[in-house]
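Quick mapping for you: the protein sequence lines, in order, are chains L and D. Residue numbering for the first sequence follows our numbering, beginning at 76 and increasing consecutively. Residue numbering for the second sequence follows our numbering, beginning at 76 and increasing consecutively.
2 protein chains.
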Amino acid sequence: MSGIASNPVAPPRYMRHNAPRPRSEAKRSHIIDAAMRHFAENGYHAARVGDIAATLGIAKGSVFQHFGSKDGLFFEVYKRAVRSFSKYLDAPADVRAAGFFDVLYYWLVRTEHLLREDWIPYRISLLGNYGTDLVLKREINRFLTTEDPYGTVAFVRFGLERGELRKDMDVEMIVSILDWTMERFQDALLTAELDPGLFRKQGEMPEKKEARIRQFLALLQRAVGAASVSQVRGREIRKIAAADLIAKPKTV
Amino acid sequence: MSGIASNPVAPPRYMRHNAPRPRSEAKRSHIIDAAMRHFAENGYHAARVGDIAATLGIAKGSVFQHFGSKDGLFFEVYKRAVRSFSKYLDAPADVRAAGFFDVLYYWLVRTEHLLREDWIPYRISLLGNYGTDLVLKREINRFLTTEDPYGTVAFVRFGLERGELRKDMDVEMIVSILDWTMERFQDALLTAELDPGLFRKQGEMPEKKEARIRQFLALLQRAVGAASVSQVRGREIRKIAAADLIAKPKTV
DNA sequence: CTCATGAATGACTCCAAGTCACGGAAGCAT
DNA sequence: ATGCTTCCGTGACTTGGAGTCATTCATGAG
Chain L
76 MSGIASNPVA
86 PPRYMRHNAP
96 RPRSEAKRSH
106 IIDAAMRHFA
116 ENGYHAARVG
126 DIAATLGIAK
136 GSVFQHFGSK
146 DGLFFEVYKR
156 AVRSFSKYLD
166 APADVRAAGF
176 FDVLYYWLVR
186 TEHLLREDWI
196 PYRISLLGNY
206 GTDLVLKREI
216 NRFLTTEDPY
226 GTVAFVRFGL
236 ERGELRKDMD
246 VEMIVSILDW
256 TMERFQDALL
266 TAELDPGLFR
276 KQGEMPEKKE
286 ARIRQFLALL
296 QRAVGAASVS
306 QVRGREIRKI
316 AAADLIAKPK
326 TV
Chain D
76 MSGIASNPVA
86 PPRYMRHNAP
96 RPRSEAKRSH
106 IIDAAMRHFA
116 ENGYHAARVG
126 DIAATLGIAK
136 GSVFQHFGSK
146 DGLFFEVYKR
156 AVRSFSKYLD
166 APADVRAAGF
176 FDVLYYWLVR
186 TEHLLREDWI
196 PYRISLLGNY
206 GTDLVLKREI
216 NRFLTTEDPY
226 GTVAFVRFGL
236 ERGELRKDMD
246 VEMIVSILDW
256 TMERFQDALL
266 TAELDPGLFR
276 KQGEMPEKKE
286 ARIRQFLALL
296 QRAVGAASVS
306 QVRGREIRKI
316 AAADLIAKPK
326 TV
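As structure tokens, then:
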């Protein structure tokens, strides 16, 4: 599926399909839905375009008509999955009012529950991040930086305005650190495949997880938090009642 | 290539080949070498097992005899590539003596040069991290945590013993943070595909890169550094003369 | 009703991973 | 050397999925 260093030509197939006609939008959407399930359940390679078409009762050719290639289809699936996630600032107003790190805590504590409700998009984002192809990965990276689907930039600005984040560093750097560590931390939290031993060594105790989350946030706070705040050793992040964890919004 | 969530059976092919006979070791090694070049140059998917065999003048079947599958072959390639990298503590004695963060600086400043000399293993590790398959990724993750090829654990212990790292957090957490951020930072530094805009926005000025590296280390120091040190705002990390950058050791 | 254009089809091609029955080589005992 | 066995290499073969395309079908405009 196209090389990386070598063969300089071969225009990526994601751009091949012509501008979508109005009517076909609905069908496109159905295909993406079905494909999302297939990819999530089987992984990128094991998902078969033919199967996806079959579950929709349409011809395989149609799928290619719409998306040009399996990669192209997956890319659309990926975008939809990632766009379905909540942005940081979608946290409830009272949590936002409590502060930057409370918002992070809010989402981290909840991810697991949110995931259980709706694991498919999460699986897709995992595939996009680790399980497809470097060529596609470049496209995905471009998408993530231009679209900022988690609203990290706005969120960091929010933290800066509140004086909770250090101002002696440009926004991009803080955004990157946040994205990198949050992503990996959540991956470790959620999937055995990617845990370097933070969660899966001892026996899955939920309070242990909670402690890890606090530990992680303490680290983050010292790293990107404003000096005044972190010097004061950071006031405690509000605890969240267990009953409160039966989520309502989407996912982070 | 086996599913993820579903089909519970199907033993992974990486373990199928019988215990290696002494004589065949040499051939295995040759195959791995050739495969490494092919994978690095073409990416995982575009690399053809047939081509690899052809460049060696052997039959495709032999490759499968030795490695069971393309995945299995790649896994061996990956392990060799990653093992060829330097460990953190392979930095020269005087750099080590200067301290934990000086060691990090030493490697970061040098990676680009080291890469230019020997880009193939780096490309392989990139493929392993982002461009294959989640199933393989699990295997890779297991390998990374059991083998610790960069010697991160020993390095963190080193930093702890010198009192440069905070002691109020367990080693695993610090190791994870270090691994995660260093990996992503280096990826951004080295490959356009994975840069979220830290390096490739303005025009590639090398002193800008150096500033980024210092910025990144400052962040890291506040995050995982001992309070006493980071409070004192961290003494300056020794600069390294430009002439000194024409590397001699392997890679990070 | 007719024509034009876009959408759907499925049989078909292409191609790469993976298999296997065979033949030859290398060890080993007698 | 001779036979026996075990391992190794081989390449023609099978399998199966991605992607193509000539054709048919649907739709809507005039």
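Heads up, the beta-carbon is just placed ideally off N, CA and C, and yes, glycines get one too.
Rounded to the nearest whole angstrom, the CA to CA distance from ASP146 (chain D) to LEU211 (chain D) is 7 Å.
What MET248 (chain D) touches in chain L, judged by beta-carbon distance under 8 Å, is LEU273, ARG287, GLN290, PHE291 and LEU294, going in chain order. In chain order, TYR163 and LEU164 place their CB closer than 6 Å to the CB of PHE230 (chain L), counting only its own chain and leaving out the 5 sequence neighbours on each side.
DSSP lists L:GLY300 as the bridge partner or partners of LEU240 (chain L). About 6 Å separates the Cβ atoms of VAL157 (chain D) and SER200 (chain D), confirming a contact at the 8 Å cut-off. Looking at the DSSP output, GLY125 (chain D) bridges to nothing.
In the three-state reduction of the DSSP assignment, GLY147 (chain L) falls in the helix class, which pools H, G and I. Proximity of LEU240 (chain L) to chain D, defined by a Cβ-Cβ separation below 8 Å, is not satisfied. Considering only D:HIS120, D:LYS102 and D:SER251, the residue with the shortest C-alpha distance to GLY206 (chain L) is D:HIS120. GLY234 (chain D) carries a helical assignment under DSSP once its states are collapsed to helix, strand and coil. Residues of the stretch 121-147 of chain D whose Cβ lies closer than 9 Å to any Cβ of chain L, in chain order: ALA121 and ALA122. Cβ neighbours of MET111 (chain D) within its own chain (closer than 8 Å, five residues either side excluded): VAL152, ARG155, ALA156, ILE195, PRO196 and ILE199.
Contiguous alpha helix (DSSP H) elements confined to the stretch 153-218 of chain D occur at 168-173, 175-192 and 194-205, taking only those with 4 or more residues.
By the beta-carbon neighbour count (other beta carbons within 10 angstroms, threshold 16), ASP245 (chain L) is exposed. Around the C-beta of THR186 (chain L), 16 or more other C-beta atoms lie within 10 Å, and the residue is accordingly described as buried.
In this chain, the alpha helix (DSSP H) harbouring ILE249 (chain L) covers 246-265. Against chain D, the CB of ARG259 (chain L) has a partner CB under 8 Å away; the residue lies at that interface. Excluding sequence positions up to five before and after LEU179 (chain D), its CB lies within less than 8 Å of the CB of TYR163, MET257, LEU292 and LEU295, all in the same chain and listed in chain order. If the five residues before and after LYS135 (chain L) are omitted, its C-beta is found closer than 7 Å to the C-beta atoms of VAL124, GLY125 and ALA128, all from its own chain and listed in chain order. In the three-state reduction of the DSSP assignment, ALA115 (chain D) falls in the helix class. Under the three-state reduction of DSSP output, ALA134 (chain D) falls in the coil class, being neither helix nor strand. DSSP places ASP108 (chain D) within a helical segment (H, G or I) once states are collapsed to three.
Secondary structure at PRO271 (chain D): coil, using DSSP grouped into helix, strand and coil.
Within chain L, the residues TRP255, THR256 and ARG259 have their CB atoms less than 7 Å from the CB of TRP255 (chain D), given in chain order.
The contact set of LYS212 (chain D) on chain L, defined by CB atoms closer than 8 Å, consists of TYR205, GLY206, GLU268 and LEU269 in chain order. In this structure GLY300 (chain D) is not in contact with ARG237 (chain D), their Cβ atoms being roughly 11 Å apart against a cut-off of 8 Å. Contact check for PHE150 (chain D) and TYR225 (chain D): beta-carbon distance about 18 Å, past the 8 Å limit, so the pair fails to qualify. Between ASP254 (chain D) and PRO271 (chain L) a beta carbon distance of about 7 Å is seen, short of the 8 Å cut, so the two are scored as contacting.
Taking 8 Å as the threshold, the shortest C-beta distance from LEU201 (chain D) to chain L falls below it. With its beta carbon less than 8 Å from one in chain D, GLY118 (chain L) belongs to the interface. Residue environment analysis places GLY132 (chain D) among the exposed positions, since fewer than 16 neighbouring C-beta atoms fall within 10 angstroms of its C-beta. Taking a Cβ-Cβ threshold of 7 Å, the residues of chain L close to LEU209 (chain D) are GLY118, LEU201, LEU202, TYR205, GLY206 and GLU268, in chain order. For GLN290 (chain D), the closest of D:VAL228, D:ILE252, D:PHE176 and D:SER251 by C-alpha to C-alpha distance is D:PHE176.
For a cut-off of 8 Å, the C-beta gap from GLU247 (chain D) to LEU273 (chain L) is around 6 Å, short enough to register as a contact.
DSSP, reduced to helix, strand and coil, places LYS284 (chain D) within a helical segment of the structure shown.
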